[in-house]
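Visitor: One structure coming up, written as structure tokens, with questions to follow.
2 protein chains.
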Amino acid sequence: MDRRRERGEITRKTVARQAAAIASVTGLSSMTLATVAEALGISKSSVQAAYPTKQDLQLGAIAQATEIFVAQVITPSFEQPEGLPRLRALTDAWLDYIAQRVFPGGCFMVSNLNDFDSRPGEVRDALARGRKGWLALLARQVVVAQTAGEVAAHPTASMRAFEIDALLAAANLAHNLTDDNTPIETTRELIALRLDDVAR
Amino acid sequence: MDRRRERGEITRKTVARQAAAIASVTGLSSMTLATVAEALGISKSSVQAAYPTKQDLQLGAIAQATEIFVAQVITPSFEQPEGLPRLRALTDAWLDYIAQRVFPGGCFMVSNLNDFDSRPGEVRDALARGRKGWLALLARQVVVAQTAGEVAAHPTASMRAFEIDALLAAANLAHNLTDDNTPIETTRELIALRLDDVAR
DNA sequence: TCGTTTATAATACGTTCGTACGTACTTATT
DNA sequence: AATAAGTACGTACGAACGTATTATAAACGA
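Those sequence lines, one after another, are chains D and U. Under numbering that gives the first Met the number 0, think of the first position of the first sequence as 0, with each following residue one higher. Under numbering that gives the first Met the number 0, think of the first position of the second sequence as 0, with each following residue one higher.
In structure tokens, the structure reads:
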């Protein structure tokens, strides 16, 4: 084992984590190398050693944020069976993840997607891939729930996934603006209500 | 009439309009004085003459964007009676306003709210005021629609307003990412569906 | 042990940022 | 006619940006 490379991997991860935290507040474009370096107490050129260009750092932050998101929201949901139970676990975990402020600026993805949605490039593509995967995951659970008769067949699974994601993103925004938890609980209710429509 | 001040007012408005257009793409924080000046073919110091500081320019852009939004979405809805008809007019006009790309980067407010929701200051406050007013307008129409029996009494009017706004914001994001109109039409359907629940 | 590789750092460079200042020119006021 | 007010522009400045270059110390492979 090369202890030098090992150390490098650790700092790479540390830098990316800090970059993700900062970018959740200021956005990936307003994030600067100096801010990340200062927050970690290392030199600016050390950040540059870990990620040669700013775009590399941005992509690294996205990868790290994705990893954190998966660990916080997606992985725990695997304890629930597919379909409605897992769907509920996903949305509940998502709202918890916002309420707990895992990222200081709310959801990393929501903030930066809205920042980069009109700016072509690798950063936007990486963010879009993440969103696509998330929506596909939601839609898959809706499909299972629908075939099991737990959720009404209309609207479409992808429409329902779109709707759920929309409510979650709005919860993130409202929570960041008001800094209290009522929008989160409101969203929890709304999602529960919208998934309840088979019971009628 | 003072023709000097008149000229100043015109340039102030021109500068603010251009600033709003640029900020809808890059965000108010990444927007620079030089970009705005160059886009208008005027000097950087002329921009500064119209808006002494960058924050002044940001606030000017918000005011101008609000004006455009009101003219494009809100004012036309007054032709419809309050309640469900006006609510439909508002959401339809909103989606049209996105599809037509009145702002090159989609909805000015959605982009910049997500940019500034974690950054205290006058800019964030101005954006938050705009959002609050918009949600209040939607909620009022829902209330009227509910008392008229056009829309079910539950969920709450403010919850329904929140939900509608969430869907619209998601439509803006999806449209910016994919650059086709299907998310907009999907959202149109979803909103119609969610407002139809009294008919059951 | 000696040369190579790697992480970290210090320093510097060219560019762009927001802002300040002085000036030319136009319009209004006296 | 003379002074004041206001717009537009050129220029300049310090700070911060991303990036490139170089140096130092530690860990590896031969």
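Glycine included, every Cβ here is placed at the ideal spot set by N, Cα and C.
#1: Contact check, U/LEU89 vs U/LEU27 under 8 Å by CB: the rounded distance?
#2: Run down chain D in chain order and give the residues with a C-beta less than 7 Å from the C-beta of U/GLU162.
#3: Please identify the residue among U/ARG118, U/PHE161, U/THR10 and U/ALA144 whose C-alpha is closest to the C-alpha of U/ALA36.
#4: So, with DSSP's three-state summary, where would you put U/GLN145?
#5: Counting only Cβ-Cβ distances shorter than 8 Å, please list the residues of the segment 94-114 of chain U near chain D, keeping chain order.
#6: Below 9 Å on C-beta distance, what does U/VAL69 contact in chain D?
#7: Would you please verify whether the beta carbon of U/ASN175 is less than 8 Å from any beta carbon of chain D?
#8: Name, going along the chain, the residues of the segment 38-58 of chain U whose beta-carbon falls closer than 9 Å to a beta-carbon of chain D.
#9: Since U/PRO182 is in the alpha helix (DSSP H), which residue starts that stretch and which ends it?
#10: Closer than 8 Å by C-beta to D/LEU94: which residues in its own chain qualify, once you throw out the five before and the five after it? Chain order, please.
#11: When you compare the CB of U/LEU194 with every CB in chain D, is at least one pair closer than 8 Å?
#12: Would you call D/GLY59 buried or exposed, if buried means 16 or more other Cβ atoms sit within 10 Å of its Cβ?
#13: Measuring alpha carbon to alpha carbon, tell me which residue in D/ALA156, D/ASP178 and D/GLU149 is nearest D/ASP196.
#14: Run through chain U and tell me which residues come within less than 9 Å of D/ASP116, C-beta to C-beta.
#15: Quick test of your reading: D/PRO75 and D/ALA92, contact by CB under 8 Å. State the CB separation rounded to the nearest angstrom.
#16: Hey, would you say U/LEU83 sits closer than 8 Å to U/MET108, going by beta carbons?
#17: Let me know if D/PHE0 comes out buried or exposed under the rule of 16 or more other beta-carbons within 10 Å of its beta-carbon.
#18: Where does D/LEU89 sit, in a helix, a strand or coil, going by DSSP?
#19: Identify whether U/VAL69 lies in helix, strand or coil by the three-state DSSP scheme.
#20: Do D/ALA64 and D/ALA19 have their C-beta atoms within less than 8 Å of each other?
#21: Measuring alpha carbon to alpha carbon, tell me which residue in D/PHE161, D/LEU172 and D/ARG2 is nearest U/THR181.
#22: Taking U/PRO205 as the reference, give the member of U/GLY40, U/ALA62, U/ARG139 and U/LEU32 with the closest Cα.
#23: Rounding to the nearest angstrom, what Cα-Cα distance links D/ASP114 and U/LYS53 in this structure?
#24: Could you give the DSSP three-state label for U/GLU37: helix, strand or coil?
#25: Mark D/PRO178 as exposed unless 16 or more other C-beta atoms lie within 10 angstroms of its C-beta, in which case mark it buried.
#26: Over the uninterrupted alpha helix (DSSP H) stretch that includes U/GLN79, give me the two end residues.
#27: Count the other CB atoms, across all protein chains shown, that sit within 10 Å of the CB of D/ALA22; report buried if there are 16 or more and exposed otherwise.
#28: Quick check on the burial criterion: 16 or more other C-beta atoms within 10 angstroms. Buried or exposed for U/THR25?
#29: Going by other Cβ atoms of all chains shown within 10 Å of its Cβ, with 16 needed for buried, is D/HIS153 buried or exposed?
Guide: Let's see:
#1: Actually they are not in contact, since the Cβ atoms of U/LEU89 and U/LEU27 sit about 25 Å apart, beyond 8 Å.
#2: Correct list: LEU166 and LEU189.
#3: U/THR10
#4: In the three-state DSSP reduction, U/GLN145 falls in the helix class (H, G or I).
#5: Residues passing the 8 Å Cβ filter: PRO103, GLY104, GLY105, VAL109, SER110, LEU112, ASN113 and ASP114.
#6: Below the 9 Å Cβ cutoff, chain D contributes no neighbours of U/VAL69, its closest Cβ being approximately 21 Å away.
#7: yes
#8: For the segment 38-58 of chain U, the set of residues with a beta-carbon nearer than 9 Å to any beta-carbon of chain D is empty.
#9: 181-194
#10: Listed in chain order, the non-local C-beta contacts of D/LEU94 below 8 Å within the same chain comprise LEU167, ALA170, ILE183, THR186 and ARG187, local neighbours out to five positions each way being set aside.
#11: no
#12: Buried is the call here.
#13: D/GLU149
#14: GLY104, GLY105, SER110, ASN171, LEU172, ALA173, HIS174, ASN175 and LEU176
#15: 6 Å
#16: no
#17: In the sequence on display, residue 0 of chain D carries Met and not Phe. The residue is exposed, with fewer than 16 neighbouring Cβ atoms inside 10 Å.
#18: helix
#19: The answer is helix: DSSP assigns U/VAL69 an H, G or I state.
#20: yes
#21: D/PHE161
#22: Summary: the structure shown does not reach residue 205 of chain U, with chain U confined to residues 0 through 199, and so no result is reported for it.
#23: 19 Å
#24: helix
#25: In the sequence as presented, Pro is not what sits at residue 178 of chain D; that position holds Asp. D/ASP178 is exposed by the Cβ-count criterion.
#26: No alpha helix (DSSP H) contains U/GLN79, which DSSP labels as neither H nor E.
#27: buried
#28: buried
#29: exposed
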